[in-house]
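J.:
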Amino acid sequence: MSIWKYADWIAPVDSHHRITLGEGNTPLVRSRSIGPNAGLPNLHFKLESTNPTGSFKDRFAAAAVSHMLQAGESEIIATSSGNTGASLAAYAAAAGITSSIAIVEVAPLGKLLQMLAYGAGIYKVEKFGLDPDVDKRVFRALKQMGRQPGCALQVSGYVFCPEGMSGLETVGFELGEQLPEVEHVFVPSGGGGLCVATARGFAKLVEQRRLERSPAVHCVQPEGNDTIATPLREGRDRARNVECTSKISGLQVSRVVDGHLAIEACRPTGGTGHTVTDEAIWHVQKRLAREEGLFVEPAAAVALTGALQAVERSEVPADAPIVCLLTGIGFKDASAVERMNANVECPTLDLITLERQATT
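Mind the numbering: the sequence shown is residues 3 to 362 in my numbering, read in order.
1) Is the CB-CB distance between P233 and I250 below 7 Å?
2) So for I36, helix, strand or coil by DSSP?
3) So within the stretch 191-244, which uninterrupted alpha helix (DSSP H) runs reach at least 4 residues, ignoring any that extend past its ends?
4) Quick one: residues in its chain with C-beta nearer than 6 Å to the C-beta of Y120, no 5 flanking neighbours on either side, listed in chain order?
5) How many Å lie between Q146 and G112 at the Cα?
6) Skipping 5 residues on each side, what residues in its chain have a beta carbon closer than 6 Å to that of T247?
7) For E77, write down the residues that DSSP places opposite it in a beta bridge.
8) Per the contact definition of three or more C-beta pairs closer than 8 Å, is the stretch 20-30 in contact with the stretch 176-186?
9) Under three-state DSSP, which class holds S4?
10) Cα-Cα, which of L351, M117, V136 and R34 is closest to R289?
11) Which residue marks the beginning of the alpha helix (DSSP H) containing H262, and which one marks its end?
12) Please name the residue in A338, K59, V161 and R202 whose C-alpha comes closest to that of A218.
13) Mapping the DSSP letters down to three states, classify S248 as helix, strand or coil.
14) So the beta strand (DSSP E) G123 belongs to, where does it begin and stop?
15) Please report the Cβ distance between T229 and V244, rounded to the nearest whole angstrom; I am assuming they are in contact, meaning their Cβ atoms lie under 8 Å.
16) With a 10 Å radius around its C-beta and 16 neighbouring C-beta atoms as the bar for buried, classify A109 as buried or exposed.
17) Starting from V286, trace the alpha helix (DSSP H) both ways and give me its first and last residue.
18) Answer yes if the stretch 277-292 comes into contact with the stretch 338-357, meaning at least three C-beta pairs across the two stretches below 8 Å, and no otherwise.
19) Which of helix, strand or coil does DSSP assign to S57?
20) Taking the CB atoms as reference points, tell me whether S102 and G123 lie closer together than 7 Å.
21) Which of the three DSSP states is assigned to V339 in this structure?
22) Alpha carbon to alpha carbon, how far is R240 from G273?
23) By Cβ distance, which residues of its chain are closer than 7 Å to T52, with the 5 residues on each side in sequence left out?
24) Short check: CB of C326 to CB of F62, under 7 Å?
25) Could you tell me which of V318, L71, L196 and R358 sits nearest to A302, measuring between CA atoms?
26) Secondary structure at F297, three-state DSSP: helix, strand or coil?
27) For Y125, is the classification buried or exposed, using 16 other Cβ atoms within 10 angstroms of its Cβ as the cut-off for buried?
28) Residues in its own chain within less than 6 Å of M70 by CB, not counting five upstream and five downstream?
29) Determine the closest residue to E293 out of P38, P14, K7 and A9, with distance taken between C-alpha atoms.
30) Quick check on R358: buried or exposed, where buried means 16 or more other Cβ atoms within 10 Å of its Cβ?
31) Are S83 and G252 touching if we call contact CB-CB under 7 Å?
32) I'd like the list of long-range same chain contacts for Y160, defined as Cβ closer than 7 Å, with 5 residues on each side in sequence excluded.
33) What are the partner residues of L49, as DSSP defines its beta bridges?
34) Out of F162, G193 and F204, state which residue places its alpha-carbon closest to the alpha-carbon of P182.
35) Please state the DSSP three-state secondary structure of L351.
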């Protein structure tokens, strides 16, 4: 099972060029603790953390690398805050092609090591991901590199790589099959591409009469990277560049990227924008691990943080079927794990003490 189950619904690739590592078909599980305790009996989690490299970006990479093979291209030029780079490096290795990845300055060590493990060439760029002017110049340079023979620029955004991004639309396809009665889907957002893809996936199901109506697709962002959420919420048609102050890795995208498209895609569904603090995100990340047994990175806790806030503010009915996308595994960000376990002691016992405790 892979995204190619939906080969006829996404950007076409000949069957002999399709690369897969078993991405997609991720579980949808009902909340056992957080939802019931908050009065949300129909809260569900889509576990994108179960993809081969630990994040939803594997869907993008599978489609993007397959299109490269079909076009006869053999070198990936990419930019990443971590997960895109890890996914592209893995699928490049599987396809027998090379990858060179420019990463944001604050990318977590775990994600860097994962890229290196797959054989990628990586380099950090100062202030990349934090300053929109720096981001603009980085993208300009990478575009030029991607024009070289045999190379392809792979950036996880519709404005750069629509073929690869079509692979993310399979999230919507799967949810339409797993929970057709879903009314609200909360999506974490940096550049906005996953919001666009999820909404487009549902729109295609409605168009094909496989789903009666699309659920509301909500865009959730950290307050320190509010490029899309507030403009969407306030009825504006355009996203905005910001100076990123959020510490949430993976969502530090100070430029608009797919922001305009996200507003255009989410608003007709009835979805809106939500901003949440970094502190609230870290708290929910810890709750997911301690109360649900779901170990995710901070960016993956953003959707649930937004959903809980929306219900608390009576913006979403508590009894509505709700899905939160949990986009990446917790091992991706070691510093966040250390923060989660701050002040937790792991004592060393001598054998006599252990035996004494066993008999009391």
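We put the CB at the ideal spot given by N, CA and C, even for glycine. Since this is a predicted model, take the numbers as computed values, not measurements.
T.: A quick look at the data gives this:
1) Taking the C-beta atoms as reference points, I250 is found no nearer than 7 Å to P233.
2) Helix.
3) Correct list: 195-209 and 231-235.
4) Contacts found: A91, A92 and A95.
5) Whole-angstrom Cα-Cα distance: 29 Å.
6) Excluding sequence neighbours, T247 sits near G226.
7) When DSSP reads this structure, E77 sits in a beta bridge with T100 and C153.
8) Verdict: yes, contact present.
9) Note: S4 maps to coil in three-state DSSP.
10) Of the candidates L351, M117, V136 and R34, the one whose C-alpha sits nearest the C-alpha of R289 is R34.
11) Under the DSSP assignment, H262 falls in the alpha helix (DSSP H) whose first and last residues are G261 to C268.
12) Closest by alpha carbon: R202.
13) Coil at S248, not helix or strand.
14) Note, G123: beta strand (DSSP E), G123 to V127.
15) 5 Å between Cβ atoms; contact.
16) Note on A109: 16 or more other CB atoms within 10 angstroms of its CB, so buried under the neighbour-count rule.
17) For V286, the enclosing alpha helix (DSSP H) has its first and last residue at D280 to R289.
18) By the Cβ rule, the stretch 338-357 counts as touching the stretch 277-292, because three or more pairs are nearer than 8 Å.
19) DSSP places S57 in strand when its eight states are reduced to three.
20) Result yes, Cβ atoms of S102 and G123 sit closer than 7 Å.
21) Looking at V339 - three-state DSSP - the assignment turns out to be helix.
22) Pairing R240 with G273, the inter-Cα distance amounts to about 16 Å.
23) Cβ within range, chain order: T28 and P29.
24) Going by C-beta atoms, C326 is not nearer than 7 Å to F62.
25) When V318, L71, L196 and R358 are compared, the shortest CA-CA separation from A302 is found for L196.
26) Of the three classes helix, strand and coil, the one that applies to F297 here is coil, per DSSP.
27) Here Y125 is exposed, its C-beta having fewer than 16 other C-beta atoms within 10 Å.
28) For M70, where only same-chain residues beyond five positions count, the Cβ hits under 6 Å are A154.
29) Comparing Cα positions, the closest option is P38.
30) So R358 counts as exposed.
31) Cβ atoms of S83 and G252: closer than 7 Å.
32) When the five nearest sequence neighbours on each side are left out, the beta carbons in the same chain lying within less than 7 Å of the beta carbon of Y160 are those of M167, G195, V198, D260 and L263, in order along the chain.
33) Beta-bridge partners assigned by DSSP to L49: L328.
34) Residue F204 is the option with its Cα nearest to P182.
35) If DSSP states are grouped into helix, strand and coil, L351 belongs with coil.
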